[in-house]
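Chains as they are written, first to last, in the numbering used here: chain A, 809 to 1111; chain B, 949 to 1219. Cβ coordinates follow ideal geometry from the N, Cα and C atoms, glycine included. Quick notes on the structure that follows.
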Amino acid sequence: MNVIISSFQLGLLYALMALGVYIAFRVLNIPDLTVDGSFTLGLAVSAVLSIHGHPYLGILAATAAGALAGICTGLLHTKVKIHAILSGILTMTALYSINLFIMGSSANISLMGAPTLFSRFTATFSFMSLDIARLALCFVLCVIVTALLALLFKTKLGLSIRATGDNEDMVRSSSINPDFTKCVALSVSNACVALSGAFIAQYQNFADISSGSGMIIIGLASVIIGEAVFGKRSVTIGLISAAVGSIAYRMIMAIAMQNKFFPTFALKLVSAIIVVIALAIPVIQQKMKDNKIRKEATLHANR
Amino acid sequence: MLTVENVSKTFLPGTPNSRLALNNVSLHLEADDFVTVLGSNGAGKSTLFNAICGNFLTDTGQIVLDGIDITNLPEHKRAKLIGCLFQDPLKGTAPSMTIEENLSLAYLRGTRRGFGIGIKKRDIEFFKSILTPLGMGLENRLKTKIGTLSGGQRQAITLLMATIVTPKLLLLDEHTAALDPQTAKKVLSITNTIVKKDHICTMMITHNIKSALEIGNRTIMMDDGHIILDIKGRQREEMTVEKLLSLYSAESKKGFDNDRILLSTQKDRFS
């Protein structure tokens, strides 16, 4: 039971990261690999500022830092014309050094004893049990961010961003600078990812330099699992489905780990396989459909 | 309204494939001009349009639209003033967005984009009122994704999008060429109605000489990066397809070697 609740909490916090991945991958149609770096960036900034007694400032600063990282990737892609994937890899690589610098050259930081958003919240709402209080907080955070993003994509700016991922020529002829909308979308996306990292650091009370590796795959897996449940519909539904997908992903992993379906070190392998299978399903379905049509056509011809 | 002065463009300069696509082209359009543009493939028609749209910067010359020098403006800034339609009906719309989302994006053209609401109630009524005259039943399908519509429907919507905020100049690059004859006729008549209603300065490339002489008030013909013919008024009224073809041969010192033009004229002769 405990494992279920804690993976629910984790799922809600990682949902913010999945939202960021959804924006880049589905709305903007750019697989943005900055995520691995910006997640750790959020983690590091939030952890360091919490140790210095400013957990709230830490969350804000982490979000801003993530947005900056996104703009960095955006500028590399649009202004220097580097391929989107390579731009992401470049920023991610550079961020590794920056993250180590922020963390004072140590590979991990412990937040034991430092004030965090979670410690303050559970102290204020001490009438609730610890688990329920944390769960409520995670839920509220996740709902607020999802709602804000859903609103963003209903604005003029949001429409322009969606159109950029759909048809860049049309965007340009509507007098919108696609370079600008791409940079905005990438910065919002990475701000979400860093925000997720910031909450995670304060939730688990430590930050590790390698926490971000493979994060993009986990994000993609969440987005795809969500789409398997909800289908591809409007952006609002897409955002909700990414969040739900993240929770489902954590649940699946928790159940699998508890029942010892696979050892802990196999986590990323399993995540990668989930993504591959999910991406392969539509292709296989199409193949099966085509084969059926061909078979029927031959039957018809031979009759 | 539009003044193109001594504009030249060479593609791939300094290479064996170097090609002078626009050779010192000058052209002046009045505010209510509807110009049809003729010429065989490679004559420089589309290059001229692209130079005006801002796909590339020209080598020499100046382009002034409504008193604004747009020669060095980037494409998306010129788009505030210019509406463009291309042959490919898929090019002008965002397929996974709905009709109303596409229209409202175009409606935002030239205004500041920010955190205001993307689609207002008032806008939806307006979109319905401009979709109804198309006679395609699209006014009841505002929430339909554009990608599910036919090429003709998409091109008609693209036309609305290009003119929803009245542009200073409308450029139509064979915008009916990819459509079936029936739909092409319809889109062409919609074009004519909109241009007349809003008094838009328009240039239209076409390969159908007959319709080039029927639509609009002025016809120009291009060859080898030059404008070789510019007729309007009386001279244009008296012009026939045969006369135009012989004029072309005389001016360019070669026959009209474009299959599509020959085909379309033959069809006209038989009909």
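Helix, strand or coil, according to DSSP, for residue i in the structure here?
i: residue 834 of chain A; result: helix
i: residue 819 of chain A; result: helix
i: residue 1076 of chain A; result: helix
i: residue 1113 of chain A; result: Within the shown structure, residues of chain A are numbered from 809 to 1111, placing residue 1113 of chain A beyond reach of any answer.
i: residue 977 of chain A; result: helix
i: residue 1009 of chain B; result: strand
i: residue 1045 of chain B; result: coil
i: residue 1187 of chain B; result: coil
i: residue 1031 of chain B; result: strand
i: residue 1139 of chain B; result: helix
i: residue 982 of chain B; result: strand
i: residue 1067 of chain B; result: coil
i: residue 911 of chain A; result: coil
i: residue 1026 of chain A; result: helix
i: residue 1148 of chain B; result: coil
i: residue 1018 of chain B; result: coil
i: residue 903 of chain A; result: helix
i: residue 1114 of chain B; result: coil
i: residue 1154 of chain B; result: coil
i: residue 963 of chain B; result: coil
i: residue 1124 of chain B; result: coil
What residue range does the alpha helix (DSSP H) around residue i cover?
i: residue 1160 of chain B; result: 1157-1162
i: residue 1089 of chain B; result: Where residue 1089 of chain B is concerned, there is no enclosing alpha helix (DSSP H), given that its DSSP letter is neither H nor E.
i: residue 939 of chain A; result: 938-960
i: residue 918 of chain A; result: From DSSP, residue 918 of chain A is part of no alpha helix (DSSP H) but of the beta strand (DSSP E) over 916-918.
i: residue 1045 of chain A; result: 1043-1066
i: residue 1107 of chain B; result: 1099-1111
i: residue 925 of chain A; result: 925-932
i: residue 1056 of chain B; result: Here residue 1056 of chain B belongs to no alpha helix (DSSP H), and DSSP marks it neither H nor E.
i: residue 995 of chain B; result: 993-1001
i: residue 1024 of chain B; result: 1023-1026
Measuring alpha carbon to alpha carbon, tell me which residue in the options is nearest residue i.
i: residue 1018 of chain A; options: A:1060, A:826, A:908; result: A:908
i: residue 1193 of chain B; options: B:1182, B:1181, B:1158, B:1173; result: B:1158
i: residue 1166 of chain B; options: B:1179, B:1175, B:1154; result: B:1179
i: residue 1035 of chain B; options: B:1100, B:1170, B:1149, B:1199; result: B:1100
i: residue 982 of chain A; options: B:1000, B:1086, B:1028, B:981; result: B:1028
i: residue 834 of chain A; options: A:1064, A:1049, A:1084; result: A:1049
i: residue 1079 of chain A; options: A:1027, A:846, A:812; result: A:1027
i: residue 974 of chain B; options: B:1110, B:1136, B:992, B:959; result: B:992
i: residue 872 of chain A; options: A:966, A:930, A:994, A:973; result: A:994
i: residue 945 of chain A; options: A:1070, A:957, A:932; result: A:932
i: residue 1129 of chain B; options: B:1085, B:1156, B:967; result: B:1156
i: residue 1114 of chain B; options: B:1199, B:1030, B:1024; result: B:1030
i: residue 830 of chain A; options: A:1024, A:926, A:857, A:863; result: A:1024
i: residue 978 of chain A; options: B:1199, B:965, B:1032, B:1145; result: B:1032
i: residue 1188 of chain B; options: B:1147, B:1162, B:1073, B:1103; result: B:1162
i: residue 1251 of chain B; options: B:971, B:978, B:1124, B:963; result: Residue coverage of chain B in this structure runs from 949 to 1219, which leaves residue 1251 of chain B outside it and unanswerable.
i: residue 1006 of chain A; options: A:812, A:865, A:841; result: A:865
i: residue 870 of chain A; options: A:1036, A:890, A:855, A:879; result: A:855
If you follow the beta strand (DSSP E) that residue i is in, where does it begin and where does it stop?
i: residue 1015 of chain A; result: 1014-1016
i: residue 954 of chain B; result: 950-959
i: residue 974 of chain B; result: 967-977
i: residue 1180 of chain B; result: 1174-1180
i: residue 1167 of chain B; result: 1166-1171
i: residue 840 of chain A; result: Element bounds for residue 840 of chain A: n/a, residue is neither H nor E.
i: residue 1119 of chain B; result: 1117-1121
Under a Cβ-count criterion, where at least 16 other Cβ atoms within 10 Å of its own Cβ denotes burial, should residue i be classed as buried or exposed?
i: residue 1029 of chain A; result: buried
i: residue 1008 of chain B; result: exposed
i: residue 1094 of chain B; result: buried
i: residue 896 of chain A; result: buried
i: residue 1037 of chain B; result: buried
i: residue 954 of chain A; result: buried
i: residue 1208 of chain B; result: With a pLDDT of only 49 at residue 1208 of chain B, under the threshold of 50, the placement of this residue in the model should not be trusted, and no figure is reported.
i: residue 1067 of chain A; result: exposed
i: residue 938 of chain A; result: exposed
i: residue 1121 of chain B; result: buried
i: residue 828 of chain A; result: buried
i: residue 965 of chain B; result: exposed
i: residue 1219 of chain B; result: With a pLDDT of only 38 at residue 1219 of chain B, under the threshold of 50, the placement of this residue in the model should not be trusted; the figure read from the coordinates follows. Flag for residue 1219 of chain B reads exposed.
i: residue 989 of chain B; result: exposed
Within 7 Å of chain B by C-beta, residues of the segment 978-1001 of chain A in sequence order:
Going along the segment 978-1001 of chain A in chain order, one finds 978, 980, 981, 982, 983, 984, 985 with a Cβ nearer than 7 Å to chain B.
Could you run through the segment 887-905 of chain A and flag, in chain order, every residue whose CB is less than 9 Å away from some CB of chain B?
The residues in question: there are none.
Along the segment 1035-1055 of chain B, where does the CB come closer than 7 Å to a CB of chain A? Name the residues.
From the segment 1035-1055 of chain B, only 1039, 1040, 1041, 1042, 1043, 1044, 1045, 1049, 1052, 1053, 1054 have a Cβ closer than 7 Å to chain A.
When Cβ atoms are compared, which residues of the segment 945-967 of chain A fall closer than 7 Å to chain B?
From the segment 945-967 of chain A, only 962, 963, 964, 965, 966, 967 have a Cβ closer than 7 Å to chain B.
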